[in-house]
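J.: Below are the structure tokens for one structure; questions will follow.
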Amino acid sequence: MLKRVRDFAEVKGDGLVSYDVAKDALTLLRVDPRGLDTIDQKLLKTIMTSFRGGPVGLDTISASIGEERETIEDMHEPYLLQIGFLQRTPRGRLATQLAYDHFGIKNEKGVME
């Protein structure tokens, strides 16, 4: 993502990544204020809406959103775990209440922390 912001700065400005340039680039890349890109958002929303918050297996998530299992596991899951939006359990992945709150989606199963 950093490379894409740098490229944006070179094309749209003088090559320096200022606050405003970074903000504009992230908006263009559809990265939300919590740092979630479109794939992160799609992954979480799919778990919450299609699988009632989980648990759901990684292969099922992969097939549902059209992303490789390895890409999800290596590129997206670590950050979602770190910010507390996703839990990894022996039965599968769970969306947390923080994720529901972030997207303004009602958690039909109750609070998962």
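Here the working numbering is used: the first residue of the sequence shown is -2, the next is one more, and so on. All residues carry an ideal CB built from backbone N, CA and C; glycine is no exception.
1) Taking DSSP's pairing of strands, which residues face Val83 in a bridge?
2) Give the straight-line distance between the Cα atoms of Thr46 and Asp11, rounded to the nearest whole angstrom.
3) Can you tell me whether Glu110 is buried or exposed, with buried defined as 16 or more other CB within 10 angstroms of its CB?
4) If you follow the alpha helix (DSSP H) that Met45 is in, where does it begin and where does it stop?
5) For Tyr97, does the count of other Cβ atoms within 10 angstroms reach 16, so buried, or fall short, so exposed?
6) Do Asp17 and His73 have their C-beta atoms within less than 9 Å of each other?
7) Bridge partners for Val53 per DSSP, in chain order?
8) Quick check: the Cα distance between Gly32 and Ile44, rounded to an integer number of angstroms?
9) How long is the line joining the alpha carbons of Arg27 and Ala19, rounded to whole angstroms?
T.: In short, the structure shows the following:
1) Indexing the sequence shown from 1 puts residue 83 at position 86. According to the sequence displayed, residue 83 carries Leu and not Val. Answer is Ala92, bridged to Leu83.
2) For this step, residue 46 is matched to residue 49 along the sequence shown. For this step, residue 11 is matched to residue 14 along the sequence shown. Thr46 and Asp11: Cα-Cα distance of roughly 43 Å.
3) The sequence position of residue 110 within the sequence shown is 113, counting from 1. Low local confidence applies: a pLDDT of 48 at Glu110 is under 50, so the model's placement there is unreliable, with the coordinate-based value given in what follows. Label assigned to Glu110: exposed.
4) Against the sequence shown, residue 45 aligns to sequence position 48. Thr35 to Ser47 is the extent of the alpha helix (DSSP H) around Met45.
5) Translated into the one-based positions of the sequence shown, residue 97 becomes position 100. By the Cβ neighbour-count rule, Tyr97 is buried, with 16 or more other Cβ atoms within 10 Å of its own.
6) In the sequence shown, residue 17 corresponds to position 20, counting from 1. In the sequence shown, residue 73 corresponds to position 76, counting from 1. Against a cut-off of 9 Å, the Cβ pair of His73 and Asp17 comes out as no contact.
7) Counting from one through the sequence shown, the residue named residue 53 turns up at place 56. Bridge partners of Val53: Arg90.
8) Working through the sequence shown from its first residue, we reach residue 32 at position 35. Working through the sequence shown from its first residue, we reach residue 44 at position 47. Looking at the two C-alpha atoms, the distance is approximately 18 Å.
9) Taking the sequence shown and counting its residues from 1, one reaches residue 27 at position 30. Taking the sequence shown and counting its residues from 1, one reaches residue 19 at position 22. If I take the Cα positions, the gap works out to 12 Å.
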